[in-house]
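**Student:** Going line by line, the protein sequences match chains A and B.
Per my numbering, the very first residue in the first sequence carries number 8; after that it's consecutive.
Per my numbering, the very first residue in the second sequence carries number 8; after that it's consecutive.
The structure under discussion is supplied below as structure tokens; questions concerning it will follow.
2 protein chains.
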Amino acid sequence: MARTRHARLDCAPGCPVEGTLQMIDGKWKGVVLFHLLSGTMRFNELRRQLTNCTQRMLTRQLRELEADGLVHREVYPEVPPRVEYSLTARGRTLEPVLLALKAWGEDHVIAPEIPAGEVELTLVPG
Amino acid sequence: MARTRHARLDCAPGCPVEGTLQMIDGKWKGVVLFHLLSGTMRFNELRRQLTNCTQRMLTRQLRELEADGLVHREVYPEVPPRVEYSLTARGRTLEPVLLALKAWGEDHVIAPEIPAGEVELTLVPG
DNA sequence: GCACATAGTGTCAAAAAGGATACCGTTATG
DNA sequence: CATAACGGTATCCTTTTTGACACTATGTGC
């Protein structure tokens, strides 16, 4: 179970907002869910996308997402081990949320990714 | 400054998602921002909307939101004290995010508010 | 004087989240 | 045998967040 921010969510008209945040607010969950939007990924594949994410933390967050029914974990009987993660149907419904978060972040938190070879200088008022 | 989930946000394409979550993920921030969408509110007015929210926590979260430029705090030279909170222009840009969070929460986390007088029984499979 | 209204602040403790490290299991290969 | 690949787990520690409690400021009315 993800973090329990609120023991009960019948507090006010805004509670659904908090309820959703309760599902996705662990460190790395947002970006993990975002990556899985584009398709199934294996553990290390995911991890390589996440700079500075430890194995321990990734495992924890994935297990919580799985427990909350947002992520599906498929174990293949192979050696070396092969485990794939994908969004559940329920997890897929988070797409509008994730895209909204991404859009806002790009506009207000960090500069968007700049494709290689396309460098643009931006002057920031002193 | 709100919680520092990530020291740096240049880690991957999904980082804007984490960047936005970093701004709004304190307990009560989501629901506070949501309420302020509909207009300016005073401290206790806000608090009455938030079941179980302590004065201390509300103050803390409001101060963080203010520091991050999402909320404007207006102090009136009156007694009793009168302080009003409202969304900044920057805070207003979070509307799509907040509405997406609310929509998902209503559909997947909790039942939506039922207007008084309109009671509907829902059977949950054992 | 006291009580009331409003909106806090300071401080410490408890709870929760995140981090570090060592270790594990399986099979395949040289 | 050692090493590699992959995806973990256990355990303890550190840091952060939240909660509890006491206290604060101002003017007004009784």
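Just so it is clear, CB atoms sit at the ideal spot from N, CA and C, and this is done for glycine as well.
(1) Which residue marks the beginning of the alpha helix (DSSP H) containing HIS115 (chain B), and which one marks its end?
(2) Just to confirm the assignment, what range does the beta strand (DSSP E) spanning VAL82 (chain A) have?
(3) Could you compute how far the alpha carbon of VAL126 (chain B) sits from the alpha carbon of ASN59 (chain A)?
(4) From VAL38 (chain B) to HIS115 (chain B), what does the alpha carbon distance come to, in whole angstroms?
(5) Got a sec? Which residues, its chain only, sit under 6 Å from ARG49 (chain A) by beta carbon, not counting five neighbours each side?
(6) What is the C-beta distance between LEU28 (chain A) and HIS42 (chain A), in whole angstroms, given that I count them as a contact (C-beta under 8 Å)?
(7) Considering just the uninterrupted stretch of the beta strand (DSSP E) at LEU94 (chain B), what are its terminal residues?
(8) Which residues, taken in chain order from the stretch 37-48 of chain A, show a beta carbon closer than 7 Å to some beta carbon of chain B?
(9) What number of angstroms, rounded off, separates the C-alpha of ARG80 (chain A) from the C-alpha of ASP32 (chain A)?
(10) GLY112 (chain A): buried (16+ other C-beta within 10 angstroms of its C-beta) or exposed?
(11) Out of curiosity, what's the CA-to-CA distance linking GLY40 (chain A) and GLN56 (chain B)?
(12) Please report the distance separating the alpha-carbon of LEU106 (chain A) from that of ALA74 (chain B).
(13) Quick check: is the beta carbon of THR100 (chain B) nearer than 9 Å to any beta carbon in chain A?
(14) Using only the alpha-carbon positions, how far apart do CYS22 (chain A) and TRP35 (chain B) sit?
(15) Which word fits GLN62 (chain A), buried or exposed, when buried means at least 16 other C-beta atoms lie within 10 angstroms of its C-beta?
(16) If you draw a straight line from the C-alpha of LEU65 (chain B) to the C-alpha of GLY98 (chain A), how long is it?
(17) Beta carbon of THR100 (chain B), beta carbon of VAL78 (chain B): below 9 Å?
(18) For VAL24 (chain A), count neighbouring Cβ atoms within 10 angstroms of its own Cβ and tell me buried if that reaches 16, exposed if not.
**Tutor:** So, from the listed chains and residues:
(1) 102-115
(2) 78-83
(3) Bear in mind that a pLDDT of 35 at VAL126 (chain B), under 50, signals an unreliable position, so the number given afterwards is only what the model happens to contain. C-alpha separation (whole angstroms): 50 Å.
(4) 17 Å
(5) GLU91
(6) About 19 Å separates the two Cβ atoms, so there is no contact after all.
(7) 89-94
(8) GLY37, VAL38, PHE41 and HIS42
(9) 20 Å
(10) buried
(11) For the sequence presented, residue 40 (chain A) should be read as Leu rather than Gly. Between LEU40 (chain A) and GLN56 (chain B), the C-alpha separation is close to 31 Å.
(12) 25 Å
(13) yes
(14) 9 Å
(15) exposed
(16) 31 Å
(17) no
(18) buried
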